[in-house]
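One structure is given below, encoded as structure tokens.
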Amino acid sequence: MDPKNSMILVVDDDALIRELLSSWLDHRGYGVKTAENGQQALEMHQQHGFDLILLDIMMPDMNGFDVLTALKAAGNTTPVVVMSALTDLKSVVTCIKLGAEDFLSKPIESELLWARINASLEKKHYRDAQQTWLEELNLLQQIDQELNTTLDRKTISGLTLQYGGQKTGALACCIGAVEGNRLQVRASQGIAADDLPVIPVDKQLRAVTQTAVPENGRLHPQANYRLTLPIFRNTIIRDMAIFDLAHPVPETTLRFLKRLAIHIAIAMHNAQLYADVQAANRAKSNFVAMVSHELKNPLTSIQSYTYLLRRQGNLLPEETRINYLGIINDGATRIHNLALELDDITQIETGQFRLKIEAVSLPEVLHNVVRLFEPQIEERQQELIVHVPETLPQVRADAKRLSQILTNLISNASKYTPESGRIQVSAQLVEGESGHQLQIALQDSGIGIRAADQARVFSQFFRADDELVTAVRGTGLGLNITKKLVELQGGEIGFISEHRQGSTFFFTLPIVAQETAVLTIA
Ligand code: ADP
Numbered sequence: 005m006d007p008k009n010s011m012i013l014v015v016d017d018d019a020l021i022r023e024l025l026s027s028w029l030d031h032r033g034y035g036v037k038t039a040e041n042g043q044q045a046l047e048m049h050q051q052h053g054f055d056l057i058l059l060d061i062m063m064p065d066m067n068g069f070d071v072l073t074a075l076k077a078a079g080n081t082t083p084v085v086v087m088s089a090l091t092d093l094k095s096v097v098t099c100i101k102l103g104a105e106d107f108l109s110k111p112i113e114s115e116l117l118w119a120r121i122n123a124s125l126e127k128k129h130y131r132d133a134q135q136t137w138l139e140e141l142n143l144l145q146q147i148d149q150e151l152n153t154t155l156d157r158k159t160i161s162g163l164t165l166q167y168g169g170q171k172t173g174a175l176a177c178c179i180g181a182v183e184g185n186r187l188q189v190r191a192s193q194g195i196a197a198d199d200l201p202v203i204p205v206d207k208q209l210r211a212v213t214q215t216a217v218p219e220n221g222r223l224h225p226q227a228n229y230r231l232t233l234p235i236f237r238n239t240i241i242r243d244m245a246i247f248d249l250a251h252p253v254p255e256t257t258l259r260f261l262k263r264l265a266i267h268i269a270i271a272m273h274n275a276q277l278y279a280d281v282q283a284a285n286r287a288k289s290n291f292v293a294m295v296s297h298e299l300k301n302p303l304t305s306i307q308s309y310t311y312l313l314r315r316q317g318n319l320l321p322e323e324t325r326i327n328y329l330g331i332i333n334d335g336a337t338r339i340h341n342l343a344l345e346l347d348d349i350t351q352i353e354t355g356q357f358r359l360k361i362e363a364v365s366l367p368e369v370l371h372n373v374v375r376l377f378e379p380q381i382e383e384r385q386q387e388l389i390v391h392v393p394e395t396l397p398q399v400r401a402d403a404k405r406l407s408q409i410l411t412n413l414i415s416n417a418s419k420y421t422p423e424s425g426r427i428q429v430s431a432q433l434v435e436g437e438s439g440h441q442l443q444i445a446l447q448d449s450g451i452g453i454r455a456a457d458q459a460r461v462f463s464q465f466f467r468a469d470d471e472l473v474t475a476v477r478g479t480g481l482g483l484n485i486t487k488k489l490v491e492l493q494g495g496e497i498g499f500i501s502e503h504r505q506g507s508t509f510f511f512t513l514p515i516v517a518q519e520t521a522v523l524t525i526a
């Protein structure tokens, strides 16, 4: 223990002893003050709170026993080492009973003095540490009780600032989610939300840190230090609390904050799980509403037209009957397609989706898909151009699912491109992270997707709020399934789009290892 951190009070009516002890202690680097009587000692201790008191027993007016009695009554925990003549053992025993920690016999022998001082200060140090630890434990228990009453991230953030702010004496503080390289502030104290500066985030931070406050980005004009408290989930920093301080905090406070961060992380995690469950519930309700809506329309037309055929079938001209049957068939196809899409989603989400990965020729699969679209493309007077060299290497894919991906993307390109528009399919070899890949692109001159909608294009049930989209039938499931199919086959999917100009959707697939490709070609 560093003597510089300990303040000792020497209490003796003998000036010579006071002087001698204080020069010894001072020489060894201890902080030292002296009192010449009991009353003065009590007053000084109340004012300074010493780490150790060396107390003479025999003093006029207020003796050592009286000082010990008064200290005990005040609930004092500072160790007191009493000094007495060797012959006065009875008094020493009384002092120990009154709470003295140890004793030194006069004349004082220096080696014994250092031994007693060290032992007493060490005991005090451990007692203090234990006391702080117990207080922290109590506080954490209280915080836990409050955290357990909420599953709301804003309330948890408020509690973090309240307790963290109290413990650190912060002038201003804030907490928020880490988004990219910035803090998206959720709650703040001591600073208005409008005045919050941009707070950059160091994602490499592993524990609470105390640094000089950055020049730009200060939360309070008088702040000199900044405490940054990262809050982790699965080893990734999700949230961060910032406390700007006038003075640095001691190591014990940093330790407390580190433990607080663990409790906050658990509460945040629970809040996130709860939010996820709520979102899943909402998604399920939307899903049920969407499915029933999607079923209702075709079922209504099937019901109406079968009714008409049953009632008046014989009276209707052949052409009308065929037309009605076409509408019924259309409705049944819609229901069938919806059932297939829902089936795919269920299988992918429950992990039961099985792929038959093999060496597949893209031009071959594409050719078959394009053939199926010919009537639709012709009807809409669109132009479908295919630029796919036959010499491309084979891909590692499930032929049926590759066909489904191409069908979805060509279908969208045709659906969302006005009549006489142009659709182009191309493929090329690109260098991916894991070697060469085939990139397939579908470019259309269609209605495009607004920038504001682009982040949600692959979400389940997303359909743009655009009259040219709502005019066309759809469930908003196709691209979601397509993305999952591409990723399950080890590829990636993306797009670029400009509203009312057109879109290009592209995806990659791994190619067959070169030797195998050569073998297959041979
Ligand atoms: P659906 O076509 O059944 O609505 P998708 O999941 O295939 O569902 O597509 C989701 C949404 O993305 C569409 O509703 C549309 O708003 C937009 N979209 C998809 N492809 C295109 C495209 N090629 N051009 C413009 N918008 C598109």
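In the numbering used here, each residue carries its 1-based index in the sequence shown increased by 4.
We put the beta carbon where it would ideally sit given N, CA and C, even for glycine.
ask   = Taking 7 Å as the cut-off, does the CB of F236 come closer than this to any heavy atom belonging to the ligand ADP?
value = no
query = So is the beta-carbon of A445 under 7 Å away from any non-hydrogen atom of the ligand ADP?
reply = no
query = Whose CA, out of V205, G452, A191, T82, lies closest to the CA of I240?
reply = V205
For A104 and H49, the rounded distance between their alpha carbons = 15 Å
request  = From the DSSP output, read off the bridge partner residues of D448.
outcome  = I427, S507
key: Contact test: D348 Cβ vs the ligand ADP heavy atom, cutoff 7 Å   = no
ask   = At a cut-off of 7 Å, is D334 close to the ligand ADP when judged by its beta-carbon and the heavy atoms of the ligand?
value = no
key: Cα-Cα separation, I21 to L138   = 39 Å
inquiry  = Relative to the C-alpha of D60, which candidate in D469, D18, F54 has its C-alpha closest?
reply    = D18
message = In this structure, how does DSSP classify S192 when only helix, strand and coil are distinguished?
response = strand
Exposed unless 16 or more other CB atoms sit within 10 angstroms - verdict on F509 = buried
message = Tell me which residues share the same chain as T172 and place their Cβ nearer than 7 Å to its Cβ, disregarding the 5 neighbours each side in the sequence.
response = L231, F247, L249, V253, T257
D148: CB within 7 Å of a non-hydrogen atom of the ligand ADP = no
inquiry  = Here's the rule I'm using: 16 or more other beta-carbon atoms within 10 Å means buried, otherwise exposed. How should A176 be labelled?
reply    = buried
inquiry  = Let me check one thing: in DSSP terms, what residues is E435 bridge-paired to?
reply    = H440
query = Are the CB atoms of D448 and Y420 nearer to each other than 8 Å?
reply = yes
query = Who are Q214's beta bridge partners in DSSP?
reply = L231
inquiry  = Just to confirm the assignment, what range does the beta strand (DSSP E) spanning T82 have?
reply    = No beta strand (DSSP E) contains T82, which DSSP labels as neither H nor E.
inquiry  = For the structure I just gave you, are there three or more beta carbon pairs, one from the stretch 258-277 and one from the stretch 143-153, closer than 8 Å?
reply    = yes
inquiry  = Please return the same chain residues whose Cβ sits closer than 7 Å to the Cβ of T520, not counting the five positions on each side in sequence.
reply    = Note that T520 has pLDDT 44, beneath the 50 cutoff, so the model's placement of it is unreliable and the number below is only indicative. A363.
request  = Check V97 in the structure and name its three-state DSSP category.
outcome  = helix
query = Under 8 Å between the Cβ atoms of I453 and S415?
reply = no
key: Endpoints, the beta strand (DSSP E) within which I389 is located   = 387-391
query = How would you write the range of the beta strand (DSSP E) that K37 sits in, first residue to last?
reply = 35-39
message = Within a Cβ cutoff of 7 Å, which residues of the same chain sit near L370, ignoring the five residues on either side of it in sequence?
response = V390, V392, L410, V429
query = Looking at C-beta atoms only, is the number of pairs between the stretch 477-490 and the stretch 434-441 that lie closer than 8 Å three or more?
reply = no
message = If distances are taken between C-alpha atoms only, which option among R467, L442, T486, V490 comes closest to A517?
response = L442
ask   = Under the three-state reduction of DSSP, which class applies to T512: helix, strand or coil?
value = strand
inquiry  = Just to confirm the assignment, what range does the beta strand (DSSP E) spanning R242 have?
reply    = 240-249
inquiry  = On the CB-based measure, 16 or more other CB atoms within 10 Å of its CB, does G184 come out buried or exposed?
reply    = exposed
request  = Let me know the secondary structure DSSP gives F377 once reduced to three states.
outcome  = helix
inquiry  = Using the three-state DSSP reduction, which class does E502 fall into: helix, strand or coil?
reply    = strand
query = Measuring CA to CA, which of G494, L513, E353, V473 is closest to H503?
reply = V473
ask   = What number of angstroms, rounded off, separates the C-alpha of D30 from the C-alpha of V36?
value = 6 Å
inquiry  = For F291, tell me which candidate among A78, V85, F466, V71 has the shortest Cα-Cα distance.
reply    = F466
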